[in-house]
Every structure is written in C-alpha cells, then in structure tokens.
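Engineer: Going by the working numbering, the sequence shown opens with residue 40, and the numbers climb by one from there. My questions all concern the structure below.
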Amino acid sequence: MNQSGKVLIAAPVHPVLTEGLEAAGYTCAIHEKITQQDAFELIRDCVGVITSTRLLLDKALLDAAPKLQWIGRMGSGMEIIDVPYATEKGIACFSSPEGNRNAVAEHAMGMLLGVTKRIAWSHQEVQKGLWLRDENRGTELEGKTIGIIGYGNTGKAFAKKLLAFDMNILAYDIDHTLPVQEGVVFCQNLDRIFEEAELLSFHLPLTENTYHYFDNVFLQQMTKPFILINTSRGDVVDTNVIWEGLQSKKIKSVCLDVLEGEPLTKMNDEKKQLVHQISMLPNALITPHIAGYSFEAVYKMSNSLLTKIVIPK
C-alpha cells in the first residue's frame with residue numbers, strides 16, 4: 040500500500056494512531072461524529088478509513104470511495120463492513136480484537152459479579168432508605184459451571200478471569216483447532232453445555248450463522264436454570280426469548296452490554312418497551328455497549344491498527 044493520502048477517522052481513536060499515520064505520510068481528516076449520509080462525500084478522496092460502529096461500509100459506500108485502499112476497524116466485529124466486496128475491490132480490511140479483549144472480559148466479569156451479588160439493585164434500595172439483607176443474599180461463583188460460546192480473543196480472556204474464581208469452564212467454538220487454556224474443557228458440540236451449564240456467556244461475531252444463535256430452541260435445550268451474559272453482538276441473542284426465559288425462570292439473571300437494534304434511539308417502540316421491562320427487573324443488568332470501550336482499550340486498539348496498517352520502511 041502507498042503510505043500517503045487522506046485517511047477518514049470516523050471513530051474515537053487514541054492520538055497514537057493519528058500521529059502514527061501522519062508520521063508515515065498520511066493526512067488525517069477527523070470526523071468522529073460522522074453520519075452515514077455525510078460519509079459518501081467525505082470518503083470520496085480517501086485512501087483509508089478508521090471506523091467503529093458509526094459507519095456501515097456496504098457496497099454503496101465502498102463504491103463511493105474509488106481511492107480506498109484499506110479499512111481499519113476499532114474493535115472486532117466486521118459485520119459493519121462488506122468484507123467480500125472490499126476484498127474484491129482490492130481493499131485491505133483490518134480489525135483489532137486483541138485491543139479490547141481484556142476490557143470486554145473485565146466488563147463481563149463485573150456484570151456477572153453484579154448480578155450474583157445483587158450489587159446494583161441493593162445499592163438502589165439503600166438509596167431509597169431500605170436495608171434488606173435476606174432479600175439480597177448473593178451466590179458464589181466457586182464450583183459453578185459456565186459455558187463460553189465463542190472461544191476467540193474475548194472468550195479466552197474471559198475464561199482467564201473465571202479461572203481465578205475456581206469455576207468449571209466449558210468452552211465451545213466452531214474452530215476445533217484452537218489452543219485451549221489449562222483448566223478449560225473444550226467441547227466438540229454444545230451437548231455438555233446444555234446439560235451442565237449454570238451460566239452462559241456469548242463471545243460470537245455477528246454473521247448469518249450467529250444471528251439469533253440464542254433462540255427458543257437453544258433455551259429449551261438448557262437443562263438447568265442459568266445466568267445469561269452477552270457482551271458480543273445484540274443480534275446474537277433473541278430479546279423476546281430472553282424475556283420468555285426470565286418469565287419462566289429458566290433464565291435466572293441476564294447481563295447485556297449489547298442489544299438488538301441498538302442504540303435505544305433507533306429501536307421501534309415495541310422493542311424499546313421490551314428492553315425497558317427487562318432493565319427494570321432486579322435480576323437484570325444492561326449497559327450501553329461499553330464493555331470494549333475502556334480508555335486503555337482505545338489506546339490498545341489504536342496501536343494495534345497502526346502496526347497493521349503502517350508497513351515499516
């Protein structure tokens with residue numbers, strides 16, 4: 040790739056990335072609040088673009104960028120990019136999953152501790168002048184069995200955290216060749232997870248095969264009541280099925296950092312009402328897609344992309 044020309048910065052990044060790109064010969068045009076409509080004009084003369092979730096780099100937008108040579112994704116999810124079409128046009132695509140894996144793992148751990156120890160809910164009760172000890176007794180993680188669905192960067196990072204809590208960790212991934220951490224049992228299929236898991240954590244990319252991966256069929260195959268955690272992509276789990284599982288008590292608690300059709304402002308009234316109903320439950324925690332967005336993660340993702348894009352001279 041020719042290391043010169045304009046780069047559209049369409050996501051919050053650390054200065055290490057913009058300064059590094061400019062030192063390599065690029066010119067950065069920073070538009071962190073860019074809209075999809077504005078992008079058609081701004082991307083026209085760019086050789087590169089850095090994005091997160093704000094832009095959909097589909098065929099139409101890629102066709103509007105005749106000079107585009109590469110795309111850098113802050114984070115891991117490539118569903119916002121038409122990668123096959125970009126590849127066909129000779130556009131290189133980079134992601135940075137290693138940059139925010141620890142942040143996602145820590146957030147998932149925090150949410151899990153939050154619901155098992157009833158931290159947020161009991162805090163709200165104290166704010167209201169209530170002091171309810173028996174109603175807020177927590178459960179311990181030691182000895183519990185968790186199923187990790189998706190054993191890539193974030194799945195492995197989360198497993199590493201869980202090992203310190205002496206949990207039984209079952210992991211599943213479609214790639215059966217992945218190296219497995221000591222203390223983790225890799226499952227060739229989901230059967231053992233269906234039978235033994237008391238907690239489920241999803242760490243999947245969003246593809247045609249993972250859309251509504253957690254559906255009613257999946258729910259009904261779970262033998263034990265369980266805690267559900269999703270820090271991957273909202274569309275991986277069916278929100279209606281989450282509600283049904285909570286009502287039937289097959290799902291004991293739910294931790295969601297991502298939602299179908301997020302953000303809330305883009306949801307239809309029916310979906311927004313459903314999310315509100317879930318959020319008001321004492322056994323639910325919902326955060327606004329911030330798991331992989333820590334200050335440190337932004338630096339690490341920025342640095343990761345820089346090393347992949349800028350070829351040492």
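Note that the Cβ used here is the ideal one computed from N, Cα and C, for glycine as well. All figures in this text were calculated on a predicted structure; none of them were measured in a lab.
Can you tell me whether DSSP reads residue 134 as helix, strand or coil?
Structural biologist: The answer is coil: DSSP assigns residue 134 none of H, G, I, E or B.
Engineer: Using only the alpha-carbon positions, how far apart do residue 266 and residue 223 sit?
Structural biologist: Cα to Cα, the separation comes out at about 19 Å.
Engineer: Could you give the distance in angstroms between the alpha-carbon of residue 132 and the alpha-carbon of residue 122?
Structural biologist: Each residue's Cα considered, the two are about 7 Å apart.
Engineer: Is the CB-CB distance between residue 255 and residue 291 below 8 Å?
Structural biologist: It is not a contact, given that the beta carbons lie outside the stated cut-off.
Engineer: In angstroms with no decimal places, state the Cα-to-Cα distance between residue 49 and residue 332.
Structural biologist: Going from the Cα of residue 49 to the Cα of residue 332 covers about 15 Å.
Engineer: On the three-state DSSP scale, how would you describe residue 45?
Structural biologist: Strand.
Engineer: If the criterion is Cβ atoms closer than 8 Å, does the pair residue 56 and residue 345 meet it?
Structural biologist: Taking 8 Å as the Cβ cut-off, residue 56 and residue 345 qualify as a contacting pair.
Engineer: Less than 8 Å between the C-beta atoms of residue 70 and residue 60, yes or no?
Structural biologist: No. Outside cutoff.
Engineer: What residue range is occupied by the uninterrupted beta strand (DSSP E) comprising residue 195?
Structural biologist: From DSSP, residue 195 is part of no beta strand (DSSP E) but of the alpha helix (DSSP H) over 192–202.
Engineer: Label residue 173 either buried or exposed according to how many other C-beta atoms from any shown protein chain fall within 10 Å of its C-beta, with 16 as the threshold for buried.
Structural biologist: It is exposed - the Cβ of residue 173 has fewer than 16 other Cβ atoms within 10 Å.
Engineer: Got a sec: is the Cβ-Cβ distance from residue 298 to anything in chain B below 8 Å?
Structural biologist: Considering every chain present, this structure includes no chain B. It has just one protein chain.
Engineer: In or out: residue 190 buried (at least 16 other Cβ within 10 Å) or exposed?
Structural biologist: Residue 190 comes out buried.
Engineer: Measure the alpha-carbon distance for residue 47 versus residue 85 and round it to whole angstroms.
Structural biologist: C-alpha separation (whole angstroms): 6 Å.
Engineer: Our contact map puts residue 111 next to residue 130 with C-beta atoms below 8 Å; I'd like the distance itself, whole angstroms only.
Structural biologist: The Cβ separation is near 11 Å, so there is no contact.
Engineer: How many whole angstroms separate the CB atoms of residue 185 and residue 240, which I take to be in contact at a CB cut-off of 8 Å?
Structural biologist: With a Cβ gap of about 6 Å, residue 185 and residue 240 count as contacting.
Engineer: So what's residue 291 in DSSP terms, helix, strand or just coil?
Structural biologist: Three-state result, residue 291: strand.
Engineer: How about residue 94 and residue 101: are their beta carbons less than 8 Å apart?
Structural biologist: No; because the gap between Cβ atoms is not below 8 Å, this pair is not in contact.
Engineer: Keeping to the same chain, check which residues put their C-beta closer than 6 Å to that of residue 234; ignore five residues upstream and five downstream.
Structural biologist: Cβ within range, chain order: 262.
Engineer: Sort 162, 339, 325 by Cα distance to residue 141 and report the nearest one.
Structural biologist: For the residues 162, 339, 325, the minimum Cα distance to residue 141 belongs to 339.
Engineer: Taking residue 232 as the reference, give the member of 248, 210, 157, 249 with the closest Cα.
Structural biologist: Of the listed residues, the one whose Cα sits closest to residue 232 is 210.
Engineer: Cβ atoms of residue 299 and residue 278: under 8 Å apart, would you say?
Structural biologist: In contact: residue 278 and residue 299 (Cβ atoms closer than 8 Å).
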